[in-house]
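Residue numbers (this note's numbering), protein chains in the order written: chain A, 1 to 217; chain B, 218 to 498.
Below, the structure written as structure tokens:
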């Protein structure tokens, strides 16, 4: 299978604090990868480096398609309504219509807030909008940084239905999570320790340094 | 897949986005900059109160005001002169505050928009135009309220309006610069308040020993104050001084927009080390 996203030798330090120390990752089409790790392990830094929003000290990222990135904190404009956010980003993505956005709003229960300002939304609803904005252009690769923070149970289940559909259509997804009980949902569980990714529980990811307990992604 | 393939606009996407992007960016920038309730309250309540208070404090003593372009020294009514400087002061605070707040709050959002594919020049153009429109509208409002306190000649009123528009633009641009540089609310507000107070009050000879001294030429409100006073009291149009005020506005705006450009740029389509190649969002 051909990898759609490949990261090799990513290094990133904040001053003397090394966060990424030669991190490698390869993700295929239709693959769902979970990145786990302790607080402060560098998971969000890794996702930002993969997205390109953070300049790394060394390493390369190769992407063969379009990318959607959902940051951990909802980056919204409080004075704009949900509908205005969609129109603004549709213009950014150069979409001819809002069909995909309408579908996503329906699926995540966001449509009833169409005319509500983002500043008046609850934390969970802001997160839904944050997610919809990253999915609006139907990207080939999705990078999601704890995307369901604040979701109610029903929305959480709808989210996983949505992820299932995306995977079925060949979309690759890299997701940061803290929820250990979810691990069966993923093709790959990648533990970020000391700036490197260690494979857990599956063998579907290409590795540079094969080994029983030290499969780096 | 090659880099050129990656850069191509995918099928199903609009092929002529520039006008649509500009329309959206201008509409939403105007909305963001006019949703500041405190600035609106200051506009409605502070401007007339400030005019009334300053006029009452100044009285009607005669003051000497030097026009630096001609070397003439005008003898003017202190109350009327103070109304002009009060208007300049109010505009510097309100427009500076409104633009600073709007720019600072939306900086991360703007970065995300650019990351999603929004053209930076379009976003910058829309922000510049929205600041210009708002500055002009607020200046017009302040000049109209002034008529409730003093009725200069029509030409004099237009000179004051022009001075007001330029100071509003200058502090709008200053607010833009602070909005992209300063992280905290308090720091930005403090800089705008202190800068605006110092700048505009030094231009008024009422109780100011520095008035009519050449050092005043180095402050942003020097040009607009000279133009407004020359037009309303001296029946002279000092276009060079109005241009000097515009130069301050252009300088602040250029610095602010350069920092904005740097802070919102993305690394899309740059197949360099550590960078992503391909459309993102």
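From the three backbone atoms N, C-alpha and C, an ideal C-beta is built for every residue, glycine too.
Since the structure is predicted, the reported quantities are computational estimates derived from the model, not experimental observations.
At 9 Å on the CB atoms, spell out the chain B contacts of residue i, in chain order.
i                     : result
residue 84 of chain A : 241, 244, 245, 248
At what residues does the beta strand (DSSP E) containing residue i begin and finish?
i                      : result
residue 430 of chain B : Segment: none, residue 430 of chain B is in no beta strand (DSSP E) and carries neither H nor E.
residue 19 of chain A  : 17-28
residue 294 of chain B : 290-294
residue 11 of chain A  : 3-14
residue 282 of chain B : 279-283
residue 36 of chain A  : 32-36
residue 100 of chain A : Not the beta strand (DSSP E): residue 100 of chain A falls in the alpha helix (DSSP H), residues 99-107.
residue 60 of chain A  : 58-63
residue 68 of chain A  : 67-70
Should residue i go down as buried or exposed, given a rule of 16 or more other Cβ atoms within 10 Å for buried?
i                      : result
residue 374 of chain B : buried
residue 229 of chain B : Residue placement at residue 229 of chain B cannot be trusted, given a pLDDT of 45 that sits under 50; what the coordinates show is reported in the next sentence. It counts as exposed.
residue 105 of chain A : buried
residue 146 of chain A : buried
residue 19 of chain A  : buried
residue 12 of chain A  : buried
residue 266 of chain B : exposed
residue 28 of chain A  : buried
residue 465 of chain B : buried
residue 97 of chain A  : exposed
residue 341 of chain B : buried
residue 254 of chain B : exposed
residue 4 of chain A   : buried
residue 281 of chain B : exposed
residue 292 of chain B : exposed
residue 407 of chain B : exposed
residue 376 of chain B : buried
residue 115 of chain A : exposed
residue 203 of chain A : Residue confidence for residue 203 of chain A is low, a pLDDT of 44 falling below 50, so the modelled location carries little weight; the figure read from the coordinates is stated next. Exposed, by the Cβ-count rule.
residue 112 of chain A : exposed
residue 475 of chain B : exposed
residue 434 of chain B : exposed
residue 16 of chain A  : exposed
The alpha helix (DSSP H) with residue i in it runs from where to where?
i                      : result
residue 272 of chain B : 264-275
residue 449 of chain B : 439-450
residue 114 of chain A : Taken as a continuous stretch (DSSP letters only), residue 114 of chain A belongs to no alpha helix (DSSP H), as it is neither H nor E.
residue 350 of chain B : 337-363
residue 417 of chain B : 402-419
residue 462 of chain B : 456-481
residue 44 of chain A  : 43-51
residue 397 of chain B : 371-398
residue 82 of chain A  : 82-93
residue 258 of chain B : 254-258
In chain B, what lies closer than 8 Å to residue i by C-beta?
i                      : result
residue 77 of chain A  : 245, 249, 322, 323, 326
residue 101 of chain A : Those do not exist, as residue 101 of chain A stays about 13 Å from chain B at its closest Cβ, beyond 8 Å.
residue 80 of chain A  : 245, 248, 249
Quick one: which chain A residues come within Cβ less than 7 Å of residue i?
i                      : result
residue 333 of chain B : 89, 92, 93
residue 237 of chain B : 91
Can you pull the chain A neighbours of residue i, defined as C-beta to C-beta under 8 Å?
i                      : result
residue 330 of chain B : 88, 89, 92
residue 252 of chain B : 79
How many whole angstroms separate the CB atoms of residue i and residue j, which I take to be in contact at a CB cut-off of 8 Å?
i                      : j                      : result
residue 299 of chain B : residue 429 of chain B : 15 Å between Cβ atoms; not a contact.
residue 355 of chain B : residue 440 of chain B : At roughly 18 Å, the Cβ-Cβ gap does not stay under 8 Å, so residue 355 of chain B and residue 440 of chain B are not in contact.
residue 259 of chain B : residue 320 of chain B : Not confirmed; about 18 Å, so no contact.
residue 332 of chain B : residue 483 of chain B : 5 Å
residue 155 of chain A : residue 83 of chain A  : Not quite, the Cβ-Cβ distance comes to about 19 Å (not below 8 Å), so this is no contact.
residue 134 of chain A : residue 121 of chain A : Contact flag wrong, Cβ pair sits at about 16 Å.
residue 423 of chain B : residue 295 of chain B : 5 Å
residue 35 of chain A  : residue 190 of chain A : 5 Å
residue 80 of chain A  : residue 248 of chain B : 7 Å
At a Cβ threshold of 8 Å, is residue i touching chain D?
i                      : result
residue 266 of chain B : The chain inventory of the structure shown lacks chain D, comprising the protein chains A and B.
| field | Start-end ranges of the beta strand (DSSP E) lying completely within the region 122-196 of chain A, minimum 3 residues | value | Counting only runs of 3 or more, we get 141-145, 172-176, 188-193.
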